[in-house]
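Below you'll find the structure, written out as structure tokens, and then a few comments.
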Amino acid sequence: MSIFPGTLTEEELAPLVGSVEQTITDVGGGKIQQETLGKSRLAYPMKHIRYGYFYFFRFEAEPEQAHVLSQKMRLLNTVLRSLIQIYNPEKQAQAEEQRKKMAAAQLQQITQTAETEEKVETQAPAAPETAPEKTEKHESVSIEEIDKKLDEILDENIGNI
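So the sequence shown is residues 1 to 161, counted in UniProt numbering.
In structure tokens:
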């Protein structure tokens with residue numbers, strides 16, 4: 001991946017991209033594939049430049065040549081930053097296969113826990129239904145009846161003293 005200054009126009013950028021491709025072929029790279037990722041704002045200014053054109057180059061070369069290419073890319077003053085990463089398709093395929101196995105194992109574990117939760121829910125005893133409490137309806141009592149009852153209770157208590 002290479003980042004070019006955003007202050008350049010598209011016409012000025014084409015020869016610079018060509019010089020990066022030429023540098024790759026000089027080091028021994030072949031089958032160069034170029035992908036334009038577009039112009040975007042940089043996370044922080046580089047050489048007082050806030051925007052950059054991002055280009056992705058995929059090519060075949062010996063892994064030992066990565067260090068040499070990195071040094072040559074640093075010498076190109078028109079490239080703000082460059083990153084070289086070694087890509088091994090065999091390791092990538094193994095990693096992808098392992099990710100698929102892990103995903104399948106996680107999916108199986110999730111379905112098993114869901115099934116056990118369903119079993120627990122069906123086996124749990126149902127909560128006893130609570131019958132609505134019966135409230136006794138009290139008839140309205142007059143004040144005179146209450147006074148009579150109080151007098152009777154008080155008379156009984158006075159006699160026991």
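All residues carry an ideal CB built from backbone N, CA and C; glycine is no exception. Here the structure is a predicted model, which means the values were calculated and not measured.
Exercise. Does any residue of chain B bring its CB to less than 8 Å from the CB of serine 70?
Worked result: Note that chain B does not occur in the displayed structure, where there is just one protein chain.
Problem set entry | Host beta strand (DSSP E) of glutamate 60 (start-end) | 49-60
Exercise. Between which two residues does the beta strand (DSSP E) harbouring serine 2 extend?
Worked result: 2-5
Exercise. Taking C-alpha atoms, which residue in Glu35, Ile49, Ile24 lies nearest to glutamate 60?
Worked result: Ile24
Problem set entry | tyrosine 44 burial status per 10 Å Cβ neighbour count (16 or more: buried) | exposed
Problem set entry | Contact check, threonine 36 vs tyrosine 55, beta carbons under 8 Å | yes
Exercise. From lysine 119 to threonine 111, what does the alpha carbon distance come to, in whole angstroms?
Worked result: 12 Å
For this session: Find the nearest neighbour of glycine 29 within the set Ala95, Arg99, Ser70, Glu152, judged by alpha-carbon distance.
Result: Ser70
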